[in-house]
Amino acid sequence: MSRLTQDLYRSLCALPAGEVSSLGACLVREVWSRAGKDTTRERAAPASAGQLVATDLAAGRVPVETAAFNNALRFAEQQSKSAASDGAVEPVCAAAPVFAATALAEARKADFAMLFHAAGLGIEAYTRLAASLARGTRHKAFDGRVIAATLASIVACAYIEKLTPEQAAQALGLGSSAVTAMAQGYLPLQAATAARDGIVMVLLMRCDFRGPPDPLACRWGVYDVFGDVADIPTLEVVTAAVRAGETVRRSFGASPDRPAAHVPLQSPVSVAQFLTGRAG
Amino acid sequence: MKVSQPLDQLLEYAASLTYGRLPAVAQDGARKIFFDTLGVIVGAHRQPIAVKLAEYLALSAEAGDCTSICGFRKVGSATAAFTNGAISHDLELDDLHQTSSLHAAAVMVPAAIAVGEETGASSEDVFLALVRGYEVACRLTLMLDPEKVYFGGFHPTTVCGVVGAAAVAASLMKLDPSRFRQACYLAMGLMSGIMACKTEPDHYTKSYQCGIAARNGVVAAQMIRDGYTFSGDAAAVVQAALQGYAGGAPLRADAGLGELGRRFEIVDTGYKLYPCCRHIYPLLDALATIRKTAPVDSRNCEHMKLNLYARGAINVGDHSLRTHNARYVMAMALEHGVLKRDFFTEAYGIEDIRPVMNRIDLIADEALQAEWPAKAPGVVTVTLRDGRKFSERVDHPKGGVENPARLEELRDKFSVLVTPVVGEARAAALAGLLAAPTFAVRDVMRIAGQGVSA
């Protein structure tokens, strides 16, 4: 029985931790420096005891997936506009796992090391999936970046939620079963939906939900339906090199003089403090 | 002619509909759909998926005025649409639009309930919204060709349902025709749903897909309501939908616009009485008829042959998804005499019934296929261990448009589903309210949104 999806998740988790975290730290900082900081301060939405809430830069404290959605949507729209004016490649989809991971890390009170590693894994997943889906999806008028953004958001959140590889595979299965993938869709909305669904999927798995066990390789799965199963081998080569990260690093415009670990990996401040700008 | 012109015509038409000018048959159709689907949603309250969604809502749900039947929580409209949408298809008892193969109600009624509750809608508002949503989603599917969508590996219910849900939500938000159109086009970018759901045995994925389509339709309409503008190229969107979901086939304008204004899609709808894929219905009906003359069960049955029109047999072959596995369904019907939704949950394993399944053969019958879709024929031939043989053919299974469920049967279905959840008195009150000339959605959900002990 094929276990490509589980194997992918395991392989990603086996990547060198330092490099993954370094990449994640770089991207978290880049994305959030572009997105801005929370100006709402203590404005809080009512939440029941035990509910997971996170910071929406415009609305204050909201349910965790709403924070990811709203922040990702605003960011994506900003980036789309700037891309339209200067012609640069916008990191709209690649940022989705960062927004998903940040919201969930904040809600779960995870530390920066956890967030950076999760974001790094998300970007690693994104670059591999987007690259291997690009050819096949283009032929079928789907956008492989949107599919990759959804699955990468799930990977990042699965790491924070400490899902087992089997649970992660089912979360990926559930997510891919309803992934929005149409080319010509409104990309910011698709990217924001990807960020939100990354969180929704792993929370559903926390509640013992089920999904297709091997969505990447199965019949009617991601490659079969949206792309081309012939491209699966390009995904299976998950090596120990964090090579793809460099591409993303460049597309975000992160320069070498801005060290990846600009925010210390073992920062004593919380993610919430970081977002609200009170970390100094 | 631009490729988007037929869809624009459809959307303009749908937006122009008013409740007062709908023919009585369309008004009645919408009422029946709402009644039946609400019963199915409430009836799923104790399903494992509903319990798990309630746990999820306890973790993360925005506060709001809309009722989720999962845990009877008050949440925002998009979340209510998601969770009620996910359970609306879970029992496999929701409606089926005949020609498009859409379980349209599973996506659209949850959207209607959520936004209707949020906006204080009346029954007339909701019925109009549903008629509009059915026109948009079902005719869009016909434009794309449901067979091409399905054989491309997609779930037509959710691929096109999201656009219908956006139409329903936009209607209830009373968006003007221009913004109604924009909401539908924005929702097209959120089309989703692949048949990988058939590789998961317990139906979580297929159910979940309906919830996501309902949610995304509501979100698209909310965004347009809140000031977003769809400024994309409509023709490019339609072309991408054709390329992606219909394998690059040309748009079937005639199929989608046929009898516009004369035929109402909400009327062309069948109701489901067994908790499994409707392609298995003729076989279940045939077995029930045989049982009226012979006491057939899993112990005395030597062999059972199932001849089914080929299109149906493909859909209900040996899939992991047990509601869509004819041999599993028929084996459970033989073993237990009745078919319960519980048979498709984790409480039952396929290997336990495998010895019975091994005595059943499913045949994709090309001769019967020649009669489809005018008929949906299935033949069950049972050979008993004592050598006796019984055979029965059904052409029009119960609940379909050609052999419709009687109103009393739908009332019984509603009562059987709803009473255990909300109690006898509230179930009767709910049925009474839904039969009233007019009602408010909030009043309906005030009754439906409380458990039996409340």
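Keeping their order, the protein sequence lines are chains A and B. Here the first sequence stands for residues 260 to 539, numbered as in my numbering. Here the second sequence stands for residues 594 to 1047, numbered as in my numbering. Beta carbons are placed, not taken as given, at the ideal position from N, Cα and C, and that holds for glycine.
Leaving out the 5 sequence neighbours to the left and right, which residues in its chain are closer than 8 Å to A:Q310 when beta-carbon positions are compared? In the first sequence, the residue the question calls residue 310 of chain A occupies position 51. Excluding positions up to five away in sequence, the list reads P322.
Under a three-way DSSP split, which group does A:A513 fall into? Counting from 1 along the first sequence, the entry for residue 513 of chain A is found at position 254. With a pLDDT of 49 at A:A513, under the threshold of 50, the modelled position of this residue cannot be trusted, and the question is left open.
Backbone CA spacing between A:S435 and B:P888 [nearest angstrom]: In the first sequence, the residue the question calls residue 435 of chain A occupies position 176. In the second sequence, the residue the question calls residue 888 of chain B occupies position 295. Distance between the alpha carbons of A:S435 and B:P888: 46 Å.
With a threshold of 8 Å between beta-carbons, can A:G309 be considered close to chain C, or not? This model lacks chain C altogether, as its protein chains are A and B.
is_contact[A:V348, chain B] using C-beta, thresh 8 Å: As a first step, residue 348 of chain A is located in the first sequence; it is residue number 89 there, counting from the start. In this prediction, A:V348 has a pLDDT of 46, which is less than 50 and means its spatial position is unreliable; nothing more can be read from the coordinates.
What does B:F747 reach in chain A if we use C-beta pairs closer than 8 Å? Counting from one through the second sequence, the residue named residue 747 of chain B turns up at place 154. Listed along chain A are V484, each with a C-beta nearer than 8 Å to that of B:F747.
Skipping 5 residues on each side, what residues in its chain have a beta carbon closer than 7 Å to that of B:T712? As a first step, residue 712 of chain B is located in the second sequence; it is residue number 119 there, counting from the start. Cβ within range, chain order: L765, M766.
Pull up the distance between the alpha-carbon of B:E895 and that of B:A957, whole angstroms please. Mapped onto the second sequence, residue 895 of chain B falls at position 302. Mapped onto the second sequence, residue 957 of chain B falls at position 364. Across the structure, B:E895 and B:A957 are spaced so that their CA atoms are roughly 21 Å apart.
Which residues of chain A have a Cβ atom closer than 9 Å to the Cβ of B:D795, listed in chain order? Reading the second sequence from its first residue, position 202 is the one you call residue 795 of chain B. Residues of chain A passing the Cβ test: R469.
Could you tell me which residues DSSP puts in a beta bridge with B:E985? Taking the first residue of the second sequence as position 1, residue 985 of chain B is located at position 392. Bridge partners of B:E985: B:V973.
How many angstroms separate the CA atom of B:H682 from the CA atom of B:C869? Numbered from 1 along the second sequence, position 89 holds the residue referred to as residue 682 of chain B. Numbered from 1 along the second sequence, position 276 holds the residue referred to as residue 869 of chain B. Those two C-alpha atoms are separated by around 10 Å.
Can you find a C-beta in chain A that's less than 8 Å from the C-beta of B:E655? By 1-based counting over the second sequence, the position of residue 655 of chain B is 62. For B:E655, the answer is yes, since a Cβ of chain A falls inside 8 Å of its Cβ.
Where do the N-terminal and C-terminal ends of the alpha helix (DSSP H) with B:L1006 fall, by residue? To locate residue 1006 of chain B, count along the second sequence from 1; it is residue 413. It is Lys, not Leu, that sits at residue 1006 of chain B in the sequence shown. Boundaries of the alpha helix (DSSP H) harbouring B:K1006: 1000-1015, taken from the DSSP string.
If we ignore side chains and look at the alpha-carbon of each, how far apart do B:L735 and B:E852 end up? Locating residue 735 of chain B in the second sequence gives position 142, where the first residue counts as 1. Locating residue 852 of chain B in the second sequence gives position 259, where the first residue counts as 1. Cα to Cα, the separation comes out at about 13 Å.
Quick one: residues in its chain with C-beta nearer than 7 Å to the C-beta of B:S771, no 5 flanking neighbours on either side, listed in chain order? Along the second sequence, read from residue 1 onward, the residue named residue 771 of chain B stands at position 178. Scanning its chain for C-beta atoms nearer than 7 Å, with the 5 sequence neighbours on each side dropped, one finds no residue around B:S771.
When you compare only the Cα positions, how much space is there between B:F744 and A:V484? The count along the second sequence starts at 1 and reaches residue 744 of chain B at position 151. The count along the first sequence starts at 1 and reaches residue 484 of chain A at position 225. Going from the Cα of B:F744 to the Cα of A:V484 covers about 10 Å.
Between B:D688 and B:I626, which are expected to be in contact by the criterion C-beta below 8 Å, what is the C-beta distance as a whole number of angstroms? Position 95 of the second sequence, counting from 1, holds the residue named residue 688 of chain B. Position 33 of the second sequence, counting from 1, holds the residue named residue 626 of chain B. Indeed, because the Cβ distance is near 6 Å, the residues count as touching under 8 Å.
Beta-carbon proximity check, B:A839 vs B:V742, cutoff 8 Å: Here the question's residue 839 of chain B lines up with position 246 in the second sequence. Here the question's residue 742 of chain B lines up with position 149 in the second sequence. Contact: yes.
Quick test of your reading: A:C416 and A:V351, contact by CB under 8 Å. State the CB separation rounded to the nearest angstrom. Numbered from its first residue, the first sequence carries residue 416 of chain A at position 157. Numbered from its first residue, the first sequence carries residue 351 of chain A at position 92. A Cβ-Cβ separation of about 19 Å leaves A:C416 out of contact with A:V351 under the 8 Å criterion.
Compare the C-alpha of A:S391 against each of A:T452, A:A476, A:F328 and name the closest. Walking along the first sequence from the start, residue 391 of chain A turns up at place 132. Ranking the options by Cα distance to A:S391, first place goes to A:A476.
Any contact between the segment 399-417 of chain A and the segment 359-370 of chain A? By contact I mean 3 or more CB pairs, one from each, below 8 Å. Under the 8 Å Cβ criterion, the segment 399-417 of chain A counts as touching the segment 359-370 of chain A, having at least three qualifying pairs.
Report the CB separation of B:E710 from B:T1031 in whole angstroms; it is logged as a contact under 8 Å. Residue numbering aside, residue 710 of chain B sits at position 117 when the second sequence is read from its first letter. Residue numbering aside, residue 1031 of chain B sits at position 438 when the second sequence is read from its first letter. B:E710 to B:T1031, Cβ: 16 Å. No contact.
Range covered by the beta strand (DSSP E) that runs through B:N908: Taking the second sequence and counting its residues from 1, the one referred to as residue 908 of chain B is at position 315. From DSSP, B:N908 is part of no beta strand (DSSP E) but of the alpha helix (DSSP H) over 903-908.
Quick one: residues in its chain with C-beta nearer than 7 Å to the C-beta of A:V279, no 5 flanking neighbours on either side, listed in chain order? Your numbering for residue 279 of chain A matches position 20 in the first sequence. In chain order, H376, G379, L380, E383, V501 place their CB closer than 7 Å to the CB of A:V279, counting only its own chain and leaving out the 5 sequence neighbours on each side.
Counting C-beta neighbours from all protein chains within 10 Å, is the total for B:P843 16 or more, i.e. buried, or is it exposed? Position 250 of the second sequence, counting from 1, holds the residue named residue 843 of chain B. Burial check for B:P843: the Cβ neighbour count within 10 Å stays below 16, so the residue is exposed.
Please look up how many angstroms separate the CB atoms of B:T750 and B:L695, rounded, as I've assumed it's under 8 Å. As a working note, residue 750 of chain B is residue 157 in the second sequence. As a working note, residue 695 of chain B is residue 102 in the second sequence. Rounded to whole angstroms, the Cβ separation of B:T750 and B:L695 is 5 Å, and the two are in contact under 8 Å.
Please state if the CB of B:D629 and the CB of B:F1007 are separated by a distance shorter than 8 Å. In the second sequence, residue 1007 of chain B corresponds to position 414, counting from 1. In the second sequence, residue 629 of chain B corresponds to position 36, counting from 1. Closer than 8 Å, so yes.
Along the chain, where does the alpha helix (DSSP H) containing B:G632 start, and where does it finish? In the second sequence, residue 632 of chain B corresponds to position 39, counting from 1. First-last of the alpha helix (DSSP H) with B:G632: 617-636.
Answer with buried or exposed for B:H917, where buried requires no fewer than 16 other C-beta atoms within 10 angstroms of its C-beta. Locating residue 917 of chain B in the second sequence gives position 324, counting from the first residue. By the neighbour-count rule (16 or more Cβ atoms within 10 Å), B:H917 is buried.
Between B:V860, B:R614, B:V949, which has its C-alpha nearest B:P997's C-alpha? Taking the first residue of the second sequence as 1, we reach residue 997 of chain B at position 404. B:P997 has its Cα closest to that of B:V860, out of B:V860, B:R614, B:V949.
Any C-beta of chain A under 8 Å from that of B:S715: In the second sequence, residue 715 of chain B corresponds to position 122, counting from 1. Taking a beta-carbon distance threshold of 8 Å, B:S715 does not count as an interface residue toward chain A.
Can you pull out the residues from the segment 781-792 of chain B whose beta carbon lies closer than 8 Å to at least one beta carbon of chain A? The segment 781-792 of chain B vs chain A, Cβ under 8 Å: M781, G782, L783, M784, S785, G786, I787, M788, A789, C790, K791, T792.
Entirely enclosed beta strand (DSSP E) segments - the segment 310-383 of chain A, minimum 3 residues: Considered as a whole, the segment 310-383 of chain A harbours 312-315, 319-322 as its complete beta strand (DSSP E) runs of no fewer than 3 residues, in chain order.
Below 8 Å on the Cβ atoms is my guess for B:A949 versus B:I873; work out the distance and round it to an integer in Å. To locate residue 949 of chain B, count along the second sequence from 1; it is residue 356. To locate residue 873 of chain B, count along the second sequence from 1; it is residue 280. Reading the sequence as shown, one finds Val at residue 949 of chain B and not Ala. Not really, about 15 Å apart at Cβ, beyond 8 Å.
Can you list, in chain order, the residues of its chain with a C-beta nearer than 8 Å to that of B:I817? Leave out the 5 residues immediately preceding and following it. Position 224 of the second sequence, counting from 1, holds the residue named residue 817 of chain B. So the qualifying residues of the chain are A763, L768, R772, Q775, A776, L779, F823.
By alpha-carbon positions, which one of B:Y727, B:L880, B:G820, B:L877 ends up nearest to B:L850? Looking up residue 850 of chain B in the second sequence gives position 257. Selected option, being the one with the closest Cα: B:Y727.
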